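Numbered according to this note's numbering, the sequence shown terminates at residue 510, and the numbering increases by one at each position without gaps.
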Amino acid sequence: MDFMLVHKMRTPLDGWRIFSRADITLVLFLIVPNMLTSQVKAPKMSESFRLEYGQKILENTTRILARSKDTTYADYWNLALANCLLSADEEIVKELLLKSKAKNSRKFQSLIDDSARYYGGIDKLPFHEMLGKKFLDLLETKVIPDQAVKGMDKPDSDNPTKPINIGLVEMMKTLYAKDQKYRSLPDFLENLSLIEKQRKLDDANGVALQRIFMKYGYPGVTFVGVKYAPYASIIMTHTNEMELFKTLFPYALKAYHNNDLSENIFILLVDRYHWRMDGKQIFGTQVGVPFYEENQIKKLKNKYLLQ
204 MDFMLVHKMR TPLDGWRIFS RADITLVLFL IVPNMLTSQV KAPKMSESFR
254 LEYGQKILEN TTRILARSKD TTYADYWNLA LANCLLSADE EIVKELLLKS
304 KAKNSRKFQS LIDDSARYYG GIDKLPFHEM LGKKFLDLLE TKVIPDQAVK
354 GMDKPDSDNP TKPINIGLVE MMKTLYAKDQ KYRSLPDFLE NLSLIEKQRK
404 LDDANGVALQ RIFMKYGYPG VTFVGVKYAP YASIIMTHTN EMELFKTLFP
454 YALKAYHNND LSENIFILLV DRYHWRMDGK QIFGTQVGVP FYEENQIKKL
504 KNKYLLQ
């Protein structure tokens, strides 16, 4: 899929997965891997876009880190990727990758696996293009686990922000299960029958989600807890009706302003919204999609109060 085709083929078919704060820290280059279980293959990047994209990843990750108390495995991954795309020193890229692996080796490996599927093989990854065998050796290198990750994967019941509406949690879990029923299958985008079945589920999910929004507003942290707050955003992006997306988007914006939806999730939603609207993005969460001009980006950030 070349660059020009990517932003013309605006489709809600690719899928998102759910992650904690550590996971959703702008893992950008796989159309946000592990946020999007997309089967779309990596687009080709021109050298100028590669540099622009690397700079955007660096800017956004740095901005997130300025507001965060810790650096997660995803942050280190993004910094490594940005430096790789910007052709920085190899040792810097290697060190950042090793730090990502030390933070959470299991999820680091998940990123590697998703990346290999997305790019069509380990040898196609930007890291391999830069480091070659050194990258493969790095994958085999044993690291001392970072003690900061202990307790990171506690069940939702241990989370200080507990859901207060169990019935709504169950509704969102049901909708999300339908959202992923066919979308998560390996051959989803190559199977027209599966696409049609998923499209029907997405239509029904959109109707159900609108009813939930009308009754509760956006089902965010206050209603369903941190773990399930992103579910509605994921389902929103897969609606087949752009008008419905437009109708639901202000609810998500309000939730973000009320701290009911994390900034990490909201900026993904903003980029997906503008991608489907007119094929452009603000933050760089959609691979191969061109950016707005800088003056327009500033206006949109001010509009959404995203600084």
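Note that beta-carbon positions come from the ideal geometry of N, C-alpha and C, so glycine has one too.
Model, not experiment: these values are computed from the prediction.
The alpha carbon of alanine 291 has as its nearest neighbour, out of Leu254, Lys272, Pro493 and Lys381, the alpha carbon of Leu254. Counted as a single uninterrupted DSSP element, the alpha helix (DSSP H) harbouring arginine 320 occupies residues 308-322. Between leucine 471 and threonine 488, the gap from beta carbon to beta carbon is short of 8 Å. In this structure, the beta-carbon distance from tyrosine 495 to tyrosine 434 does not fall below 8 Å. Where glutamine 413 is concerned, the enclosing alpha helix (DSSP H) starts and stops at 395-419.
Rounded to whole angstroms, the gap between the alpha carbons of aspartate 340 and leucine 301 is 11 Å.
Note that the C-beta distance between lysine 297 and lysine 259 is not below 8 Å. Counted as a single uninterrupted DSSP element, the alpha helix (DSSP H) harbouring glycine 370 occupies residues 369-383.
Nearest to leucine 261 by C-alpha distance, out of Pro493, Phe486 and Glu497, is Phe486.
Out of Arg479, His460 and Lys376, the CA that lies nearest to the CA of lysine 506 is found in His460. Taking a 10 Å sphere around the C-beta of glycine 409, we find 16 or more other C-beta atoms and assign the residue as buried. Secondary structure at glutamine 484: strand, using DSSP grouped into helix, strand and coil.
Put simply, the stretch 400-420 touches the stretch 434-449. At least three CB pairs are less than 8 Å apart. Under a 10 Å Cβ-count criterion, aspartate 273 is classified as exposed, with fewer than 16 other Cβ atoms of the shown protein chains found around its own Cβ.
Boundaries cannot be given for methionine 248, as no alpha helix (DSSP H) includes it and DSSP labels it neither H nor E. Note on glycine 491: 16 or more other CB atoms within 10 angstroms of its CB, so buried under the neighbour-count rule. As DSSP reads the structure, phenylalanine 494 sits in a beta bridge with Gln484. Per DSSP, reduced to three states, the secondary structure at aspartate 390 is coil, with no helix or strand assignment.
When the alpha-carbon of glycine 370 is set against those of Leu508, Ile415, Leu503 and Ala305, the nearest one is in Ile415.
Glycine 257 is classed as buried because its beta carbon has at least 16 other beta carbons within 10 Å across all chains shown. Alanine 283 is a Cβ neighbour of serine 303, given a cutoff of 8 Å. Residue nearest to asparagine 443 within the set Asp406, Ala455, Lys430 and Asn281 is Asp406 (criterion: CA-CA distance). Uninterrupted alpha helix (DSSP H) stretches at least 4 residues long and entirely within the stretch 422-456 occur at 424-431 and 434-440, given in chain order. Here methionine 375 really is in contact with valine 427; their C-beta atoms are around 6 Å apart, less than 8 Å.
With respect to the C-alpha of phenylalanine 252, the residue from Thr275, Leu288, Thr265 and Leu508 having the closest C-alpha is Leu288.
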